[in-house]
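There are 2 protein chains.
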Amino acid sequence: MTAKWVYTFEEYPRLKEQLGGDDDAVRTLLGGKGAGLGEMTALGLPVPPGFTVITKACLYYLAHEDFPPGLWEQVMEGMRYLEAKMGRKYGSPENPLLVSCRSGAKFSMPGMMDTILNLGLNDETVHGLARMTDNERFAWDAYRRLLEMFGETVLGLPESDFHRALQEEMALWGAQDETQLNAEALQRLVRRFKGVYIFHGQEFPQDPYEQLRMAMEAVFRSWNSPRARAYRERTGIPDDLGTAVNIVAMVFGNLGEDSGTGVLFTRNPSTGEKGLWGEYLLNAQGEDVVAGIRTPSPISRLAEEMPQVYEQLKRMAEILERHFRSMQDIEFTIERGKVWMLQTRTGKATPQAKVKMSVDMVQESLISKEEAVQRVSPDDVELLLHPQFNPHDMAKARHEGKLLARGVNASPGAAVGRIYLDAEKAKAKAAEGEPVILVRPFTKPEEVPAMLVSKGILTTEGGATSHAAVVARQFGIPAVVGASEIKIDMERRVIQVNGREYPEGTWISLDGTSGQVFLGKLPAQPPAIETLEELSILLDWADEIAAREGVRSGENGGPTRGLEVWANADLPKDAAFARKLGAKGIGLCRTEHMFFEPSRLPYMRRMIMATTEEERREALATLGNYQVEDFLGLFRVMDGLPVIIRLLDPPLHEFLPSLWELIERVTEARVREEPDEEAERLLEKVKELHEANPMMGLRGVRLSILYPEIAEMQVRAIFEAACRAKEEGLNPIPKVMIPLVADAGELEVIQEQLVRVAKEVMEAYGVDIPYEFGTMIEVPRAALTAGQIARVAEFFSFGTNDLTQMTFGFSRDDAEKTFLVRYLERGILKDNPFQTLDLDGVGRLLRVAVKEGRAARPGMSIGICGEHGGDPRTIRFCHDIGLDYVSCSPLRVPVARMAAAHAVLESV
Amino acid sequence: MTAKWVYTFEEYPRLKEQLGGDDDAVRTLLGGKGAGLGEMTALGLPVPPGFTVITKACLYYLAHEDFPPGLWEQVMEGMRYLEAKMGRKYGSPENPLLVSCRSGAKFSMPGMMDTILNLGLNDETVHGLARMTDNERFAWDAYRRLLEMFGETVLGLPESDFHRALQEEMALWGAQDETQLNAEALQRLVRRFKGVYIFHGQEFPQDPYEQLRMAMEAVFRSWNSPRARAYRERTGIPDDLGTAVNIVAMVFGNLGEDSGTGVLFTRNPSTGEKGLWGEYLLNAQGEDVVAGIRTPSPISRLAEEMPQVYEQLKRMAEILERHFRSMQDIEFTIERGKVWMLQTRTGKATPQAKVKMSVDMVQESLISKEEAVQRVSPDDVELLLHPQFNPHDMAKARHEGKLLARGVNASPGAAVGRIYLDAEKAKAKAAEGEPVILVRPFTKPEEVPAMLVSKGILTTEGGATSHAAVVARQFGIPAVVGASEIKIDMERRVIQVNGREYPEGTWISLDGTSGQVFLGKLPAQPPAIETLEELSILLDWADEIAAREGVRSGENGGPTRGLEVWANADLPKDAAFARKLGAKGIGLCRTEHMFFEPSRLPYMRRMIMATTEEERREALATLGNYQVEDFLGLFRVMDGLPVIIRLLDPPLHEFLPSLWELIERVTEARVREEPDEEAERLLEKVKELHEANPMMGLRGVRLSILYPEIAEMQVRAIFEAACRAKEEGLNPIPKVMIPLVADAGELEVIQEQLVRVAKEVMEAYGVDIPYEFGTMIEVPRAALTAGQIARVAEFFSFGTNDLTQMTFGFSRDDAEKTFLVRYLERGILKDNPFQTLDLDGVGRLLRVAVKEGRAARPGMSIGICGEHGGDPRTIRFCHDIGLDYVSCSPLRVPVARMAAAHAVLESV
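First to last, the sequence lines map onto chains A and B. At position 899 of the first sequence the residue is numbered 1146 (this note's numbering), and the sequence of numbers has no breaks. At position 560 of the second sequence the residue is numbered 807 (this note's numbering), and the sequence of numbers has no breaks.
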């Protein structure tokens, strides 16, 4: 028994049953298009008869350069079936059946592989078609289309030759476009096109079965075309799937004004609004819509032009959406008033539309809350944070010919600005307040400052890991790279695209999300995430999911509490914003930022420069008063939620002028013989405080041990503020975090001392407040000795920024401007470890610390407050190792909430 | 049946047999002295009869403040036994037996606990004693001694009162010292001493048994005296051992010129020379030797004065040494020509003597090589490296009254210099070339520079973990701290001791090893370790032991190869020295030091500052030529041994002038309007290369990846040198080490490139050389991902200096001058992690790396080349985790060799 290579659309339900209803297995065999057509056939929708050659046949063909045994015989059977269904005969001069040969892989690869229409036409059947349709022009048009498509895709003849022949013929008839060519002209064109074949030593096969065989082979081969391979590499589609081939009886939308073709979405893919959305052209074939010669009409117009057809489409759209439980992207053709469905698939939508549709579908009882959450990725939420162009506006700009170039979508987001061609000019213009798009062949490290002041970056060379791409992603600047159609002429200071020139200063719009670059200014929507009502509903569902007990795998000891999202915020206004965006606590309040405020810095300096105990105390007291207000503000905003306040962390010299500056000042004054005593005093202090590697120097808990009076002042202020908040009827939950601990001994020394201060304050106010003292785990040794540290610390928070620095030995300030970018370019590191947590090294330390920390102090609260806290992949990891919360910048809270829910759903 | 609390010396063999011959158990019960006396009795040596009250009785007494049931009865039995043995009677006015009551704990605690002699004397028996000995003066002398000793130790009466009484009596008789007092005077003194009792409301018990009971209680109590507790804490002796009490029949060395007392060692404890060594006094009791009123004679004189006695002692010394198989420290008394042995124990010797004796005893077949090695600790070897005072010289100085003070022996070694009382003066005098001993109440961080230029440090306050102690140990400066007898008078700029004054500039000699401070200049022996013949023999044995296969536990997979000692050396002369000291390879040759040489630095700078490819190449070529010579020199010296050469490690800015300096130069020139172009160019470059945290910046492998031409030049030079060495008939074994790797990807990129260079060179020379490429494990992540790295690296070397920095987040340059000293002072950290490897954190990383590295590359060579490589405790750890070698500075090689052997012996 030979294998079965061919399934008719009608056989689809049986195959699906054989595969135990496994949709994925069905799609693996039949491809997405074949499955969709089979599914629609089974639903009783009007689908032209057809059959699918399964992907396995493609893989066999690619391996053996030959059809597998039995395939051709089964295709013949399929053709008999089609002939019977359609009452026509393939290759018959009287009553010819025409078919299309369409590729259809498991995953959609739009435009990447081949399709040939109108197979079955030849010098004889073209007359039969003319007679049958009573439309000679149509028949010759179909034939010349076949000749061009077959020549280009099956035989690889140059498109330009067909194009030139068309142009000449049009010129001869004075036609503005193809639609103006009459039957005679098209018949002449057929002759000219055959000439192209002959010129290249080829011949168009008159045998329809030869056409069919060659077309199938071409579709098989197209799986391995360079652009298809490149697409797969970019999108992560495996190379060993192969494509299916669908042989479908042709139906025609270009048989007159009662015919047409169109595309529709069951909901608006841009906004998510419910209702048919799409466009159509009467008297046209599918490719005419794409070619853009005629402007299609919006689908709503069809309700007037062909009300019955419109109603039928609406009904079918509903059926499909109900069936597939997702917004569908449908291709249809109307042949003399009859609707034919040619394709259905889940439609691609903007992030905003995804959010709205998902929420709506839950409310329509179409999908569950879990499904709704699952359909919106953290990346989708992130895209909502970047300015974006509306897909409409971009489509319109494309139709208007404003698409300047396409490149690699290197860093998402929309940017509108004027192009400048070198770093100096870009910096100068940015300084003048102009929105700058930096355009370069490629970028170099010394151009980073210019990149940072640009709204967008455009390069003509390089790929997704080029310097420009890496830096742009790093700093969230929209970028398109490798836009090779653009040439930069530095002498004349212009860019050239397709023979046209645009001078420096030209306005362009750059879409880093899709890789498109447009001429002129497109409106970019600013992020207004907190105003999106549906997003807030969806995120609430995400929170419910993330908070589920017992759902998580909790590798360190069974089910755990849910994964919450907290925020890093120093000021009440940031905390308020974070809370509005759904933060369930403050995971990191950096107190040092409070001291850098212009009104306070002088006191900080006075404290550092103090020569007497009294001076020092006075300055500290003033700072303490400020701090009480700071913390009171936070407690008011975060009423009832935990607030982790980190004690002073940076080295003291950061509060003084820079050493370089002071050396200059002092030297200058000395040479001028006008000694600057203040500068000299400062210089002396700064030199005393100078450290070779301040990152690993006198900061964090080390500072508190050497100068406990600062930490005591801060703790006093925290608890005074908490007591006052309590008196206001609020419920403050302060958690004091001691940074940079490397050994349990450090905590032992300082924590007791500070707890005493806290108790004193609470006693003085006669108030009892729940509180905890804990530590950052941000030094490798702290993670390695977490069991000892947890005997003192009541909570852990992973400071993964510093932990990454020390685990790698990468000074962040230095590495990112020197070797790290090179490492990412060369693929030495796959990800920037400062953005996505390094699981092998840093992650391993986190695992150790969670396990041994909780072993010493069961149930202790552990979270992460490094910048990684907002990164979806890191969040997944945090969930897997059993953290209680992730804390990130307020704006990333929604992304993190979504990521937390996804982590829970994926680990079930 | 009551427990047995008392054992006579004659019962010793039976007890030992009952305990299965377990010497340790015997000593636990009987204490060291009791066991020694029993052992000597069993050997048939003349020991005065006696018995031992076991340590358990002491523990019972301390817990219950009472004797255990049955003890007193057994003591009575013991007294009967003594009376029978001696033919005298305790308390008899006619024929009185006198006894001593001596403490004797398991471990020797010299001078820490109490002993009372002459028990049994009272107003009546004193007359009996006079009659019996026919020596009235002797009898009264013995009585007054008992009164003083009993008063002070049993009743706690003040020594000064007895002293004053003695002084007054001597004044009355015009006596210069006690020996000039006659019987009458001594009898009067007895009366005066009784007056001291009465004055303090006490009475001397006339009942000899009351005397005995009270003496025993006093000895028991002395176990818990503050000084005994402090001694135990310092030396690590457990508190729960208790002391035994030995009741021994008195024999007298002060019965005339045919009597005497002395101390002898079976070998010279200072040099190790074989032969009796010691001193004696005729007509004297033991305490007279200690008191130092009369000068004892060297033991050799006894051969003339009492030849038979001398011969007898010699014979007995031999018996004891053969028996105990170690040099013995023996106390003896000669009573009217008869020798009595009062104590024997293993003698304390200088490190030098230990080495000689151990080697000699092996050659005398007294002990095995393993025992010889075990008897000399790595610390002993280390002491041989420091200048030392000869114990003779110190004893002499003590006898001459030049001992100024005793303090805590905070940092070993001998220092001779002039005292200066503040940091400024110390620095100034040191700058003038004077040898300075800094004398301060305590030290502060800002005094560190002065400490570093001092030969020795002396403080009057603080203990072993004070700032002065910590810093001194850190930098290997001899120090005595907490010498509280010394007062510093800053106004008059003198120090005061016992009422005498010594001005600034006074010469003193300070022994940090023992804590003694002497007036004047003692000769200090410089270290000349390589000239000590016996040491070299002993270390060869140590190497044999360390190299034994299958002996080591090898926690990471069974028996491993031996633990070798290699050296860190950059220059051929250092390597030669290291090889002479026994290094089996070079574990770290730092190539950067080669570039800092004045003749080469200009080329290094030219390379860094090069603006053209050609300029850069030229400079590199010159450096390459130098390097070939460098490496050739190393290969010649290390013929046949592995040489690990580390590629350039430090950041490039280290080869340029400092930023501060350049800013000053440039600013000055600008203000003067005489622009300094060279400085400006340098400044620009230095600013470009400036890093916030250079420790974690562009250095090591990162440099090689960004500027591979430097690494290629070095590898080319290494292999050119190796090929030339081969041509010279030598056997070079180059191993190229790539530093600062954090990810396997870095090695993948650079190693292949460099191996290619190596092969090119070898091909050009037509020579084949065994080589390896490997990496330092010095970044925490490298340890955490060692399994991945070992797939590329062929060997590992732990760079524990950097690894410690990053694991703790302690910048060494900064930490040691700021918070680290404070941490050690306050006991937050027990050890300086830059000296002794931190096992909990850094050590844990080493374990992981060894295990996972060897899992990926079985049998790969792994060593350590940080400064910890010379630290005995770290070496023990390195052995336990299965390292192949430790590499340290050449001078520490002997210490490490000994430590390696000890590690092997201890882990058997």
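Every residue gets a Cβ at the ideal spot worked out from N, C-alpha and C, and that includes glycine.
Out of curiosity, what's the CA-to-CA distance linking residue i and residue j?
i: glutamate 1063 of chain A; j: arginine 1069 of chain A; result: 9 Å
i: leucine 277 of chain B; j: lysine 353 of chain B; result: 7 Å
i: proline 725 of chain A; j: glutamine 599 of chain A; result: 19 Å
i: alanine 771 of chain A; j: lysine 702 of chain A; result: 12 Å
i: histidine 1126 of chain B; j: leucine 879 of chain B; result: 32 Å
i: alanine 491 of chain B; j: arginine 569 of chain B; result: 26 Å
i: aspartate 487 of chain A; j: threonine 275 of chain A; result: 11 Å
i: isoleucine 733 of chain A; j: arginine 562 of chain A; result: 47 Å
i: tyrosine 1018 of chain A; j: aspartate 1061 of chain B; result: 34 Å
i: glycine 654 of chain A; j: arginine 435 of chain A; result: 39 Å
Which first and last residues belong to the alpha helix (DSSP H) in which residue i is found?
i: cysteine 1125 of chain B; result: 1119 to 1127
i: proline 625 of chain B; result: 625 to 632
i: proline 473 of chain A; result: 473 to 482
i: valine 1008 of chain B; result: 991 to 1012
On the DSSP letters alone, give me the boundaries of the beta strand (DSSP E) that residue i sits inside.
i: proline 981 of chain A; result: 980 to 985
i: isoleucine 1075 of chain B; result: First-last for isoleucine 1075 of chain B: undefined, no H or E at that position.
i: proline 543 of chain B; result: Per DSSP, proline 543 of chain B belongs to no beta strand (DSSP E) and is neither H nor E.
i: tyrosine 328 of chain A; result: Unbroken run through tyrosine 328 of chain A is the alpha helix (DSSP H), 318 to 333; no beta strand (DSSP E).
Drop a sphere of 10 angstroms on the beta-carbon of residue i, count the other beta-carbons inside from all chains shown, and report buried for 16 or more, exposed for fewer.
i: methionine 854 of chain B; result: buried
i: methionine 737 of chain B; result: exposed
i: asparagine 1079 of chain A; result: buried
i: lysine 820 of chain A; result: exposed
i: alanine 642 of chain A; result: exposed
i: asparagine 940 of chain B; result: buried
i: tryptophan 420 of chain A; result: exposed
i: glycine 283 of chain A; result: buried
i: asparagine 745 of chain B; result: exposed
Report, in whole angstroms, the separation of the C-beta atoms of residue i and residue j, which I expect to be a contact under 8 Å.
i: valine 1004 of chain A; j: valine 962 of chain A; result: 5 Å
i: serine 517 of chain B; j: proline 638 of chain B; result: 5 Å
i: arginine 391 of chain A; j: leucine 433 of chain A; result: 6 Å
i: arginine 1243 of chain A; j: leucine 835 of chain A; result: Nothing in the structure corresponds to residue 1243 of chain A, since chain A is present only between 248 and 1155.
i: glutamate 915 of chain B; j: threonine 859 of chain A; result: With a Cβ gap of about 35 Å, glutamate 915 of chain B and threonine 859 of chain A do not count as contacting.
Please determine whether the Cβ atom of residue i lies at a distance below 7 Å from any heavy atom of the ligand GDP.
i: glutamine 555 of chain B; result: Looking at this structure, you won't find the ligand GDP or any other ligand, since it has none at all.
Could you say if the segment 1137 to 1144 of chain A and the segment 811 to 819 of chain A meet the contact criterion of at least three C-beta pairs nearer than 8 Å? yes
Does the segment 513 to 526 of chain B come close enough to the segment 356 to 371 of chain B that 3 or more CB-CB pairs lie under 8 Å? no
How about the segment 829 to 849 of chain A and the segment 883 to 898 of chain A: do they share at least three Cβ pairs that are nearer than 8 Å? yes
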